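In this note's numbering, the protein residues as written are 491 to 874.
Notes follow the structure.
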Ligand SMILES: NC(=O)c1ccc[n+]([C@@H]2O[C@H](COP(=O)([O-])OP(=O)(O)OC[C@H]3O[C@@H](n4cnc5c(N)ncnc54)[C@H](O)[C@@H]3O)[C@@H](O)[C@H]2O)c1
Ligand SMILES: [Zn+2]
């Protein structure tokens, strides 16, 4: 059984608190400029509760060009440090890439008292975390997320994984990192569509848990990384709280999957041409429509969701792949929340609150017949 996923946010000014006896299994440190200021060394030792004998930084080739030399230089001061590169993008979340990383680690001679430092977006974090969980039956690792999506979501909570032919994230483990180091400055180099992808998950936090986050996103005009930087911490807190309450995703954590049943299906059927967050924004439109059809989602809040997501999607991106109903339905049915061949979704009641009932908890049964009209609704919204 993996260790518990209790998480807390630590103010980086209070590094001492990281060393207290009651510390959680995963601390999150948010500190502007931590990488450039060389703090990775100090924080890594504190999070690992020791100085590692050796470290391997795993990153993708894009992040490598931008940031890995600073990380490797810093870590080299305390431990033998090597580097493994993976190609950027979702297509790296495969067994082939995993096996390559595992054999590289063996060639580099990483022992169980060494550590992995995962520098990159959700792809590096997911595949690196999966490798950490199986290499020599588990080595410690630290997430250093470099995309907005990874900083507020994928680096927290210990879900690791790769994609399978039959669906996204279908192979994986629960294996929390020793800690997460978030440097918001790194987002300055993030392309606009990747910022938008992270905003997709921010909108999700707004709908599932915080009307305040949602209205701040409504108020923001530019939705740039500096505009919404102050929302990183509240989003991390929501993710950390839900992951701590339900580390193995049996009930309340499933609310984090709002928009993801249809979102994942859109992502996969587009052959990953659309980014995760854009798929989630689209998925929330469709799943929100289903919630309204079922009489669950308050109409005025459904309309607020429609207007914010429509603004984000139509002014920033194009969803110009063919949405094929049959393939989307097939993928949606393979979703992990489904039970007994029936479709289940987490659905909102109003902004900041998800629907729950005694029988189904947060996983509400949904008729497959509602999928097609929900995709038709999505198409209509995006074409007007
Ligand atoms: N484990 C979880 O709980 C969880 C949660 C949500 C999403 N995910 C997964 O996360 C993945 C998506 O993550 P992502 O959106 O971060 O994508 P990503 O890791 O593919 O990164 C997106 C792109 O941005 C580039 N990049 C990264 N940091 C950069 C920076 N600072 N400056 C410039 N370019 C940079 C990368 O090279 C890549 O090309 C998906 O596979 C999704 O399934 C996992
Ligand atoms: Zn997501």
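Even glycine gets a Cβ: it sits at the ideal position worked out from N, Cα and C.
All values reported here derive from a predicted model rather than from experimental measurement.
Cβ-based neighbour list, residue i, same chain, cut-off 6 Å, excluding 5 preceding and 5 following
i, result
"residue 928", "The chain is shown only over 491 to 874; residue 928 falls outside these bounds and no answer can be derived."
"residue 708", "798"
"residue 791", "840, 841"
"residue 522", "674, 675"
"residue 556", "679"
"residue 538", "605, 630, 668"
"residue 800", "871"
Best match in the options for proximity to residue i [C-alpha to C-alpha]
i, options, result
"residue 564", "673, 584, 533", "533"
"residue 753", "738, 743, 747, 769", "769"
"residue 863", "767, 779, 851", "779"
"residue 783", "861, 872, 614", "861"
"residue 822", "859, 695, 613, 526", "859"
"residue 891", "726, 855, 871", "Only positions 491 to 874 of the chain appear in this structure, which leaves residue 891 out of reach."
"residue 834", "599, 874, 741", "741"
"residue 526", "561, 847, 789", "561"
"residue 642", "855, 692, 703, 802", "692"
"residue 746", "838, 702, 763, 701", "838"
"residue 582", "548, 672, 601", "548"
"residue 726", "802, 640, 682, 717", "640"
"residue 786", "590, 743, 551, 844", "844"
"residue 750", "788, 819, 866, 646", "819"
"residue 803", "646, 772, 814", "772"
"residue 744", "717, 874, 695", "695"
"residue 593", "546, 567, 710", "546"
"residue 728", "703, 524, 717", "703"
"residue 682", "717, 524, 774", "717"
Cutoff 8 Å; reference residue i; Cβ partners in own chain excluding five residues on either side
i, result
"residue 662", "616, 620, 649, 650, 651, 652"
"residue 506", "Residue confidence for residue 506 is low, a pLDDT of 42 falling below 50, so the modelled location carries little weight; the figure read from the coordinates is stated next. Nothing meets the Cβ criterion."
"residue 553", "578, 609, 610, 611, 614, 636"
Cα-Cα separation between residue i and residue j, rounded to whole angstroms
i, j, result
"residue 512", "residue 759", "Any reading at residue 512 needs caution, since the residue's pLDDT is 42, under 50, leaving its predicted position unreliable; the model's value is listed next. So the two alpha carbons sit approximately 46 Å from each other."
"residue 669", "residue 530", "12 Å"
"residue 767", "residue 519", "23 Å"
"residue 805", "residue 664", "37 Å"
"residue 713", "residue 686", "8 Å"
"residue 660", "residue 755", "13 Å"
"residue 679", "residue 558", "14 Å"
"residue 569", "residue 628", "19 Å"
"residue 705", "residue 574", "41 Å"
"residue 868", "residue 528", "46 Å"
"residue 732", "residue 571", "34 Å"
"residue 847", "residue 657", "28 Å"
"residue 816", "residue 764", "18 Å"
"residue 856", "residue 544", "49 Å"
"residue 603", "residue 625", "12 Å"
"residue 814", "residue 866", "11 Å"
"residue 550", "residue 761", "20 Å"
"residue 677", "residue 586", "29 Å"
"residue 748", "residue 774", "7 Å"
"residue 671", "residue 690", "22 Å"
"residue 576", "residue 591", "8 Å"
"residue 566", "residue 711", "42 Å"
"residue 536", "residue 793", "46 Å"
Cut-off 7 Å between Cβ atoms - residues of its own chain near residue i, not counting five sequence neighbours on either side
i, result
"residue 588", "617, 620, 621, 652"
"residue 688", "637, 638, 639, 642, 767"
"residue 850", "none"
"residue 757", "658, 764, 766, 769"
Closer than 9 Å to chain D by CB, residue i
i, result
"residue 799", "Absent here is chain D; the protein component of the structure consists of one chain."
Residue environment, residue i, which counts as buried when at least 16 other CB atoms sit within 10 Å
i, result
"residue 485", "Past the boundaries of the shown model lies residue 485; the chain is included only from 491 to 874, so the question cannot be answered."
"residue 737", "buried"
"residue 852", "buried"
"residue 596", "exposed"
"residue 541", "exposed"
"residue 644", "buried"
"residue 715", "buried"
"residue 697", "buried"
"residue 633", "buried"
"residue 720", "exposed"
"residue 580", "buried"
"residue 700", "buried"
"residue 735", "exposed"
"residue 647", "buried"
"residue 599", "exposed"
"residue 795", "buried"
"residue 453", "Missing from the structure shown is residue 453; the chain here goes from 491 to 874 and no further."
"residue 491", "Note that residue 491 has pLDDT 33, beneath the 50 cutoff, so the model's placement of it is unreliable and the number below is only indicative. With fewer than 16 other Cβ atoms within 10 Å, it is exposed."
"residue 836", "buried"
"residue 873", "exposed"
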